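Visitor: Below is the structure I would like to discuss, written out as structure tokens.
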Amino acid sequence: MDMKKRIHLELRNRTPSDVHELVLDNCRSNEGKMEGITEEFENLELLSLINVGLMSVSNIPKLPKLKKLELSDNRISGGLEVLAERLVNLTHLNLSGNKFKDISTLEPLKKLPQLKSLDLFNCEVTNLADYRESIFKLLPQLTYLDGYDIEDHEASDSDGEGDGVDDDEGEEGESEEEDFEEEEDDDDEEVTAGVEDDDDDSEESGEVHPQTSS
1 MDMKKRIHLE
11 LRNRTPSDVH
21 ELVLDNCRSN
31 EGKMEGITEE
41 FENLELLSLI
51 NVGLMSVSNI
61 PKLPKLKKLE
71 LSDNRISGGL
81 EVLAERLVNL
91 THLNLSGNKF
101 KDISTLEPLK
111 KLPQLKSLDL
121 FNCEVTNLAD
131 YRESIFKLLP
141 QLTYLDGYDI
151 EDHEASDSDG
161 EGDGVDDDEG
171 EEGESEEEDF
181 EEEEDDDDEE
191 VTAGVEDDDD
201 DSEESGEVHP
211 QTSS
């Protein structure tokens, strides 16, 4: 199915401005370019074009609200300048399985200030020496490269989409619960110790005051 027909089906009698997510995976592009995606998709936040035979992103329209762009398993080798010009709020970009060979071809991504996650799995550029260090140096705004941060910590599920705040809060909540449990344990120990002291006092008082025979 070609891209235009797929878009028509995905709309389901909606207008383009009503669409927030558009998934066109595995359909056919027109001579390696996008078609049917226009600036009318002004509220689009996710666009997925996996394995559609793309060779260029030159005709992607301005999509000011787009945050996540999936372009894996295509034949793109450069021309990323247009993404920086037209997708100013992009935070997640997946270029895995494309034809990027040199770090320099990724330099235009410096102009995407909100970009926090970039995937380049199965691109030749990943075979370069110091690949990760070079990318993080080139793109200091990045948090995750191929699913890991600069210290090789894996991205959490929520960090695929969010900022990981929920995870931190969860850890804090757990630590607070642990502290509370420890305090309860301490209180129990004090009570137990108090009971033992009372028993000792009773035994001592029994020895000091022996029973008198009748």
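The opening residue of the sequence shown carries number 1 in UniProt numbering; numbering runs sequentially from there.
For every residue, glycine included, the Cβ atom is placed at its ideal position computed from N, Cα and C.
From a predicted model like this one, the values you see are computed outputs, not experimental measurements.
#1: Considering only residues of the same chain and omitting the five flanking positions on each side of V19, which have a CB-CB separation below 8 Å?
#2: When the Cα atoms are used, what is the spatial distance from H153 to S96?
#3: Can you check DSSP and say which residues form a bridge with N30?
#4: Anyone know if the C-beta pair for L49 and E31 falls short of 9 Å?
#5: Helix, strand or coil, according to DSSP, for L11 in the structure here?
#6: Using the Cα positions of C123 and K33, report the straight-line distance between them to the nearest angstrom.
#7: Cα separation between N59 and D149?
#8: Relative to the alpha-carbon of T38, which residue among T15, A84 and A155 has its alpha-carbon at the smallest distance?
#9: Put N94 into one of helix, strand or coil per three-state DSSP.
#10: Rounded C-beta distance between L80 and L106? I'm assuming under 8 Å.
#11: Measuring only the C-alpha atoms, how far is K4 from S29?
#12: Assuming C27 and M1 are in contact, meaning their beta carbons sit under 8 Å apart, how far apart are those beta carbons, in whole angstroms?
#13: For a test of the three-state rule: what should DSSP assign to V88, helix, strand or coil?
#14: So, helix, strand or coil for E171, using DSSP?
#15: Is G162 helix, strand or coil by DSSP?
#16: Excluding sequence positions up to five away, which residues of its chain have a Cβ less than 6 Å from the Cβ of L112?
#17: When burial is assigned at 16 or more other CB atoms within 10 Å of the CB, is N74 buried or exposed?
#18: Excluding the five sequence neighbours on either side, which residues of its own chain have a C-beta within less than 6 Å of the C-beta of S77, listed in chain order?
#19: What is the DSSP secondary structure of S17, reduced to helix, strand or coil?
Guide: Quick look at the numbers:
#1: As a first step, residue 19 is located in the sequence shown; it is residue number 19 there, counting from the start. Answer for V19: E10, L11, F41, N43 and L44, listed in chain order.
#2: Taking the sequence shown and counting its residues from 1, the one referred to as residue 153 is at position 153. Taking the sequence shown and counting its residues from 1, the one referred to as residue 96 is at position 96. So the alpha carbons of these two residues sit roughly 20 Å apart.
#3: The count along the sequence shown starts at 1 and reaches residue 30 at position 30. According to DSSP, N30 bridges with K33.
#4: Translated into positions along the sequence shown, residue 49 becomes position 49. Translated into positions along the sequence shown, residue 31 becomes position 31. Not closer than 9 Å, so no.
#5: Here residue 11 corresponds to residue number 11 of the sequence shown, with the count starting at 1. In the structure shown, L11 sits in a helix (DSSP, three-state: H, G or I).
#6: The residue you call residue 123 lines up with position 123 of the sequence shown. The residue you call residue 33 lines up with position 33 of the sequence shown. Rounded to whole angstroms, C123 to K33 spans 20 Å at the Cα level.
#7: On the sequence shown, position 59 is the one that residue 59 refers to. On the sequence shown, position 149 is the one that residue 149 refers to. Computed Cα separation, rounded: 31 Å.
#8: Your numbering for residue 38 matches position 38 in the sequence shown. Checked all of T15, A84 and A155; the closest Cα to T38 is T15.
#9: Against the sequence shown, residue 94 aligns to sequence position 94. Strand at N94.
#10: Indexing the sequence shown from 1 puts residue 80 at position 80. Indexing the sequence shown from 1 puts residue 106 at position 106. Contact holds; Cβ gap of about 7 Å.
#11: Reading the sequence shown from its first residue, position 4 is the one you call residue 4. Reading the sequence shown from its first residue, position 29 is the one you call residue 29. Rounded to the nearest angstrom, the two C-alpha atoms are 9 Å apart.
#12: Position 27 of the sequence shown holds residue 27. Position 1 of the sequence shown holds residue 1. Rounded, the Cβ-Cβ distance is 5 Å, consistent with contact.
#13: The residue labelled residue 88 in the question sits at position 88 within the sequence shown. If DSSP states are grouped into helix, strand and coil, V88 belongs with coil.
#14: Numbered from its first residue, the sequence shown carries residue 171 at position 171. Any reading at E171 must be qualified, since the residue scores a pLDDT of 43, below 50, and its modelled position is unreliable; the value itself is stated next. Helix at E171.
#15: Taking the sequence shown and counting its residues from 1, one reaches residue 162 at position 162. Note on G162: pLDDT 42, under 50, position unreliable in the model; the coordinate value appears next. Of the three classes helix, strand and coil, the one that applies to G162 here is coil, per DSSP.
#16: Position 112 of the sequence shown, counted from the first residue, corresponds to residue 112. Excluding residues up to 5 positions away in sequence, A84 and L90 lie with their Cβ nearer than 6 Å to the Cβ of L112 in the same chain.
#17: Walking along the sequence shown from the start, residue 74 turns up at place 74. N74 is buried by the Cβ-count criterion.
#18: Here residue 77 refers to the residue found at position 77 when the sequence shown is read from its first residue. Result list for S77: K99, in chain order.
#19: For the purposes of this step, residue 17 is taken as residue 17 along the sequence shown, with counting starting at 1. Note: S17 maps to helix in three-state DSSP.
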